[in-house]
Amino acid sequence: QTLFLNMLAISSRVRFHRRHISLVHSTVSLNIEESKYTIETIRSGQGSYRLRMNGSVIEANVQTLCDGGLLMQLDGNSHVIYAEEEAGGTRLLIDGKTCLLQNDHDPSRLLAETPCKLLRFLVADGAHVEADVPYAEVEVMKMCMPLLSPAAGVINVLLSEGQPMQAGDLIARLDLDDPSAVKRAEPFNGSFPEMSLPIAASGQVHKRCATSLNAARMVLAGYDHPINKVVQDLVSCLDAPELPFLQWEELMSVLATRLPRLLKSELEGKYSEYKLNVGHGKSKDFPSKMLREIIEENLAHGSEKEIATNERLVEPLMSLLKSYEGGRESHAHFIVKSLFEDYLSVEELFSDGIQSDVIERLRQQHSKDLQKVVDIVLSHQGVRNKTKLILTLMEKLVYPNPAAYKDQLTRFSSLNHKRYYKLALKASELLEQTKLSELRTSIARSLSELEMFTEERTAISEIMGDLVTAP
């Protein structure tokens with residue numbers, strides 16, 4: 001397990017400077033006890049990682065502590081890690097135990113081991129030196145200390161006498177008498193052991209819905225998740241009859257102690273009574289209208305200050321109730337539209353302009369909050385996965401009723417760049433389907449009005465039937 005913590009400690013400190021380097025995918029190599037572990041790291045969210053090595057995959061979470069350390073969750077456990085660079089590699093302190101991530105052993109590179117000052121070379125540039133023979137003197141903590149050659153060879157000086165150095169600075173190179181003295185770590189061909197998730201997953205439908213919805217939002221933020229699984233889980237949860245009840249109960253468990261006493265009592269009483277009727281088979285729909293009316297009636301009384309405070313307090317409850325005003329289908333529309341807006345809010349910025357120009361404009365616009373620019377660029381960098389997510393949502397949830405998403409479909413169809421071609425085309429097809437449906441409805445209504453003026457009612461009914469059942 002130490003290996004995985006080591007890898008995360010390094011990958012969480014990676015900084016990307018070139019624009020063609022992915023902000024989500026990277027590869028890290030670790031040398032531990034003469035073995036080289038090559039691991040692909042994939043960011044699945046802010047502080048969330050998937051790690052791949054030789055076909056095996058594990059997941060981990062990372063948080064940066066205020067003192068520069070890292071708090072990591074792996075296999076259901078938490079670990080605190082600190083890192084320090086040394087000449088021989090990176091030394092990690094993991095839960096109080098140390099581990100060295102070694103650099104490749106290369107005696108041809110003469111490195112400074114600690115911060116110091118180069119006083120003088122003891123051999124001339126281009127001279128031959130033997131192993132374990134001093135080749136230079138340095139000043140460390142006001143003391144003069146020799147530097148020993150790790151192997152025999154011809155020295156090539158790179159720094160000047162009197163120059164200050166940091167740990168790891170290259171002082172000189174050796175043309176080795178024996179090139180085989182350079183030892184490289186052997187690649188590790190094994191795999192990760194079986195590990196559980198960083199945090200145990202809940203089987204309750206509202207928890208699974210929140211998890212899958214968060215994963216979808218992370219995809220739209222530019223991170224990586226298996227899209228088909230995310231959409232499948234989300235659709236399954238949104239279709240569950242018990243979802244709104246569990247969501248309401250979770251919100252109430254958080255807010256109940258802060259709600260006005262009378263409002264809390266009436267909400268709990270009416271809800272319990274309704275749930276009892278549901279248990280007796282009288283109704284299965286979520287009582288969003290009833291609960292909303294109770295809240296609105298209670299908010300109508302009190303001083304302006306009390307009303308304003310209570311409105312802010314019940315805002316999460318009201319948001320949930322409004323999303324279910326048309327039943328589970330209405331809630332699904334609400335969720336999908338919010339995901340569509342997440343996509344459009346970023347990609348409409350890049351639709352008509354050159355990427356470098358758009359980024360420069362964003363830097364000027366958000367000069368005091370450059371993290372906003374980083375977030376937008378990160379999101380746009382994942383446009384391929386984002387588009388796949390939107391297309392899959394369209395297939396699963398929009399196709400049965402495209403009219404409910406007409407505004408967003410119109411904006412999708414207006415995206416110009418070739419990267420949006422499939423999405424724009426699908427949106428245009430769904431818009432055409434909406435127009436045909438509206439046309440059939442209009443014709444059917446007109447024919448119905450004409451019935452009173454004709455005796456050929458049988459013929460009219462047949463035409464109306466054909467229109468209604470047309471594909």
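So for the sequence shown, the UniProt record's numbering puts the first residue at 1; every next one is plus one.
We put the beta carbon where it would ideally sit given N, CA and C, even for glycine.
On a predicted model such as this, the values are computed, not experimentally measured, just so you know.
*Sequence-distant residues of the same chain with beta carbon closer than 6 Å to LYS275, five excluded per side*: If you number the sequence shown from 1, residue 275 lands on position 275. Nothing listed; no residue qualifies.
*Would you grab the beta carbon distance between LEU362 and LEU23 for me? Rounded to a whole angstrom, and I think it's under 8 Å.*
Within the sequence shown, residue 362 is the residue found at index 362, counting from 1. Within the sequence shown, residue 23 is the residue found at index 23, counting from 1. Contact flag wrong, Cβ pair sits at about 15 Å.
*At what residue ranges does the segment 378-402 contain a whole run of the alpha helix (DSSP H), taking only runs of 4 or more?*
Taking only runs of at least 4 residues, the alpha helix (DSSP H) segments lying wholly in the segment 378-402 are 383-393.
*Taking the DSSP output, what are the residues bridged to GLN163?*
Within the sequence shown, residue 163 is the residue found at index 163, counting from 1. GLN163 is not bridged to any residue.
_Whole-Å CB distance - TYR343 paired with ILE376, under 8 Å assumed_ = As a position in the sequence shown, residue 343 is number 343, starting the count at 1. As a position in the sequence shown, residue 376 is number 376, starting the count at 1. About 12 Å; that fails the 8 Å criterion.
*What is the DSSP secondary structure of CYS116, counted as helix, strand or coil?*
Position 116 of the sequence shown, counted from the first residue, corresponds to residue 116. For CYS116, the secondary structure class from DSSP, reduced to helix, strand or coil, is strand.
*Taking 7 Å as the cut-off, decide whether the C-beta atoms of THR434 and ALA403 are in contact.*
Position 434 of the sequence shown holds residue 434. Position 403 of the sequence shown holds residue 403. Going by C-beta atoms, THR434 is nearer than 7 Å to ALA403.
*According to DSSP, is SER29 helix, strand or coil?*
For the purposes of this step, residue 29 is identified with residue 29 of the sequence shown, where counting begins at 1. For SER29, the secondary structure class from DSSP, reduced to helix, strand or coil, is strand.
_When ASP177, SER160, TYR324 and ALA124 are compared against LEU170, the one with the closest alpha-carbon_ = Translated into positions along the sequence shown, residue 170 becomes position 170. Selected option, being the one with the closest Cα: SER160.
*In whole angstroms, what is the alpha-carbon distance linking PRO193 and ASP75?*
What you label residue 193 is simply residue 193 of the sequence shown in a count that begins at 1. What you label residue 75 is simply residue 75 of the sequence shown in a count that begins at 1. Each residue's alpha carbon lies about 10 Å from the other.
*In angstroms with no decimal places, state the Cα-to-Cα distance between GLU85 and MET165.*
For the purposes of this step, residue 85 is taken as residue 85 along the sequence shown, with counting starting at 1. For the purposes of this step, residue 165 is taken as residue 165 along the sequence shown, with counting starting at 1. Distance between the alpha carbons of GLU85 and MET165 is about 14 Å.
_Top-ranked residue by Cα proximity to LEU397, from GLU273, GLU304 and ASP239_ = By one-based count along the sequence shown, residue 397 stands at place 397. Closest by alpha carbon: ASP239.
*Whose C-alpha, out of SER56, TYR421, LEU51 and SER78, is nearest the C-alpha of THR64?*
In the sequence shown, residue 64 corresponds to position 64, counting from 1. With distances taken between Cα atoms, THR64 lies closest to SER78.
_Measuring alpha carbon to alpha carbon, tell me which residue in PHE121, LEU263, VAL62 and PRO134 is nearest PRO198._
On the sequence shown, position 198 is the one that residue 198 refers to. Ranking PHE121, LEU263, VAL62 and PRO134 by Cα distance to PRO198 puts VAL62 first.
*In chain order, each alpha helix (DSSP H) run of at least 4 residues that lies wholly inside the segment 283-333*: 288-299, 304-313 and 315-323
*Within the same chain, show all residues whose beta-carbon is closer than 6 Å to that of ALA256, passing over the 5 residues directly before and after it, in chain order.*
Reading the sequence shown from its first residue, position 256 is the one you call residue 256. The answer, listed in chain order, is LYS264.
_DSSP three-state label for ARG109, please._
Within the sequence shown, the letter at position 109 stands for residue 109. Strand at ARG109.
*For ARG384, count neighbouring C-beta atoms within 10 Å of its own C-beta (all shown protein chains included) and say buried if the count is 16 or more, exposed if not.*
The sequence position of residue 384 within the sequence shown is 384, counting from 1. Exposed, by the Cβ-count rule.
*Starting from SER272, follow its DSSP beta bridges and name the residues at the other end.*
Reading the sequence shown from its first residue, position 272 is the one you call residue 272. According to DSSP, SER272 bridges with nothing at all.
_Residue closest to VAL336, alpha-carbon to alpha-carbon, out of GLU347, GLU293 and SER323_ = Along the sequence shown, read from residue 1 onward, the residue named residue 336 stands at position 336. Considering only alpha carbons, the answer is SER323.
*Backbone secondary structure at residue 478 - three-state DSSP*: A query on residue 478 cannot be resolved here, the shown segment of the chain reaching from 1 to 471 and no further.
*asked:* Within 10 Å of its beta-carbon, does VAL314 have 16 or more other beta-carbons around it, so buried, or fewer, so exposed?
replied: Your numbering for residue 314 matches position 314 in the sequence shown. Answer is buried; the Cβ neighbour count reaches 16.
*asked:* Excluding the 5 residues flanking residue 487 on each side, which residues of the same chain have their C-beta closer than 7 Å to its C-beta?
replied: Residue numbering for the chain in the displayed model covers 1 to 471; residue 487 lies beyond these limits and cannot be assessed.
_Unbroken alpha helix (DSSP H) run spanning ALA215, endpoints_ = As a working note, residue 215 is residue 215 in the sequence shown. Run containing ALA215: 205-220, per the alpha helix (DSSP H) assignment.
*With a CB to CB cut of under 8 Å and the five nearest residues on each side skipped, what residues in its chain are close to LEU430?*
Indexing the sequence shown from 1 puts residue 430 at position 430. Excluding residues within five positions, the ones whose Cβ falls inside 8 Å are MET394, VAL398, TYR399, PRO402, TYR405 and LEU409.
_For TRP248, tell me which candidate among LYS183, HIS206 and ILE227 has the shortest Cα-Cα distance._
For this step, residue 248 is matched to residue 248 along the sequence shown. Taking only the C-alpha atoms, the option nearest TRP248 is HIS206.
_Nearest-angstrom Cα separation, counted from SER108 out to HIS225_ = Position 225 of the sequence shown, counted from the start, is the residue given in the question as residue 225. Position 108 of the sequence shown, counted from the start, is the residue given in the question as residue 108. Looking at the two C-alpha atoms, the distance is approximately 44 Å.
*Assess, as a yes-or-no matter, whether the segment 37-50 is touched by the segment 111-118 under the definition of 3 or more beta carbon pairs within less than 8 Å.*
By the C-beta criterion, the segment 111-118 is judged not to be in contact with the segment 37-50, since fewer than 3 inter-stretch pairs fall below 8 Å.
*Report the rounded CA-to-CA distance for ARG173 versus SER367, giving the unit in angstroms.*
Numbered from its first residue, the sequence shown carries residue 173 at position 173. Numbered from its first residue, the sequence shown carries residue 367 at position 367. Distance between the alpha carbons of ARG173 and SER367: 44 Å.
*So ARG184 packs on ASP104, CB below 8 Å; how close in whole Å?*
For the purposes of this step, residue 184 is identified with residue 184 of the sequence shown, where counting begins at 1. For the purposes of this step, residue 104 is identified with residue 104 of the sequence shown, where counting begins at 1. With 8 Å as the limit, ARG184 and ASP104 qualify as a contact, their Cβ atoms being about 5 Å apart.
*Where does GLU59 fall in DSSP's three states?*
Residue numbering aside, residue 59 sits at position 59 when the sequence shown is read from its first letter. DSSP places GLU59 in strand when its eight states are reduced to three.
*Buried or exposed: ILE295, going by 16 or more other Cβ atoms within 10 Å of its Cβ?*
Here residue 295 refers to the residue found at position 295 of the sequence shown. Per the 10 Å Cβ criterion, buried.
*Of the residues LEU291, LYS422, ALA151 and MET143, the one placed nearest VAL129, counting alpha carbons only*: Taking the sequence shown and counting its residues from 1, one reaches residue 129 at position 129. For VAL129, the nearest C-alpha among the options comes from ALA151.
*Mind checking which residues open and close the beta strand (DSSP E) that includes LYS36?*
Looking up residue 36 in the sequence shown gives position 36. If you look at LYS36, you'll find it in the beta strand (DSSP E) that goes 35-45.
_Alpha carbons only, please: which of LEU317, VAL373 and SER253 is nearest the one belonging to SER288?_
For the purposes of this step, residue 288 is taken as residue 288 along the sequence shown, with counting starting at 1. Closest by C-alpha distance to SER288, out of LEU317, VAL373 and SER253, is LEU317.
*Within 10 angstroms of the Cβ of LYS310, are there 16 or more other Cβ atoms? Answer buried if so, exposed if not.*
The residue you call residue 310 lines up with position 310 of the sequence shown. Reading the sequence as shown, one finds Asn at residue 310 and not Lys. Counting Cβ neighbours within 10 Å, ASN310 comes out buried, since at least 16 surround it.
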